[in-house]
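First up is the structure itself, then whatever we jot down about it.
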Amino acid sequence: AGVPRARGLVACLADDAHNVYTVLTARSLNPGLFIVARASEDGAEQRLLRAGANRVVNPYRLGGLRLAHVLTKPAVVDFLELSLGPRGQGLELEEAAIEEESPLVGKSLQELDLRRKFHIGVVAVQRGQEFVPNPEASFRLTAGDVLVVIGAKESLEAFEKTLLGANPKGGNS
1 AGVPRARGLV ACLADDAHNV YTVLTARSLN PGLFIVARAS EDGAEQRLLR
51 AGANRVVNPY RLGGLRLAHV LTKPAVVDFL ELSLGPRGQG LELEEAAIEE
101 ESPLVGKSLQ ELDLRRKFHI GVVAVQRGQE FVPNPEASFR LTAGDVLVVI
151 GAKESLEAFE KTLLGANPKG GNS
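Okay, structure coming up:
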C-alpha cells in the first residue's frame with residue numbers, strides 16, 4: 001500500500017486493537033513514518049503511543065470538549081467557525097518551520113513586523129517540546145522553531161515564499 005514510501009499514515013479503524021496492529025505494522029515497514037491514530041477508549045491512547053503512533057486522537061474526548069466550549073464559550077466557538085471554517089472569512093492557521101538557513105533566524109518578532117508586512121499574526125512558537133503562546137515582540141527566533149501563524153491564505157503564501165523559501169511547512173506536511 002506504499003507504506004515504505006509514505007510520509008504519513010492515519011490509523012482510524014473502528015476498533016482500538018486493529019489500530020494498534022496497524023500502527024505496529026506501519027512502524028515496522030517505515031520507522032520514519034508520521035502516524036496519527038484514533039483511540040476510542042482512554043487506555044488505548046497509551047497502547048497506541050507505545051506501538052509507535054506519533055499522535056493519538058480520541059474523537060469522543062474532542063467532541064466532549066467541543067460541546068463544553070459551545071456551552072461555556074460560545075463567542076470563541078463562533079469566531080473559530082466564522083474565521084477558520086469552510087464557509088468562513090478566509091482565515092487559516094498554518095505552521096512554518098524555521099530552517100537553519102532561514103533569514104528569520106536570530107530576528108525578533110518586532111524586527112520582522114509580520115503583521116504590517118504580511119498581515120499575519122504569530123499565535124504561538126513551538127521551541128522543542130515547549131509552546132510559547134502569544135510571544136512578546138522581543139521574542140527571537142532560532143533554527144528549529146515552528147511558528148503558528150494566522151492570516152488570509154494569500155498573506156500566508158506570500159510570507160512563506162518571501163521569508164521561508166521552498167519548504168515552509170513543518171516536517172509532516
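Position one of the sequence shown corresponds to residue 1 (the UniProt record's numbering), numbered consecutively onward.
By construction, the Cβ of each residue, glycine as well, lies at the ideal position given by its N, Cα and C atoms.
In the DSSP assignment, find the beta strand (DSSP E) that holds residue i and state where it starts and stops.
i: Arg38; result: 34-38
i: Leu9; result: 8-11
i: Gly50; result: Reading off the sequence, residue 50 comes out as Arg, not Gly. Not the beta strand (DSSP E): Arg50 falls in the alpha helix (DSSP H), residues 42-51.
Buried or exposed, going by whether 16 or more other CB atoms sit within 10 Å of the CB of residue i?
i: Val76; result: exposed
i: Ser138; result: exposed
i: Ala51; result: buried
i: Val56; result: buried
i: Leu156; result: buried
i: Phe159; result: buried
i: Val70; result: exposed
Let me check understanding here. Comparing Cα to Cα, which of the options lies closest to residue i?
i: Gly126; options: Arg140, Val146, Glu81; result: Rather than Gly, the amino acid found at residue 126 in this sequence is Gln. With distances taken between Cα atoms, Gln126 lies closest to Val146.
i: Phe34; options: Glu100, Glu81, Ala152, Arg5; result: Arg5
i: Gly43; options: Asn30, Ala17, Val3; result: Ala17
i: Arg38; options: Asn58, Gly32, Ile98, Tyr21; result: Asn58
i: Leu109; options: Glu100, Glu99, Glu101, Val123; result: Val123
i: Arg27; options: Arg115, Ala11, Glu81, Ser40; result: Ala11
With DSSP run on the structure shown, which of helix, strand or coil describes residue i?
i: Leu104; result: coil
What are the boundary residues of the alpha helix (DSSP H) that includes residue i?
i: Phe159; result: 153-159
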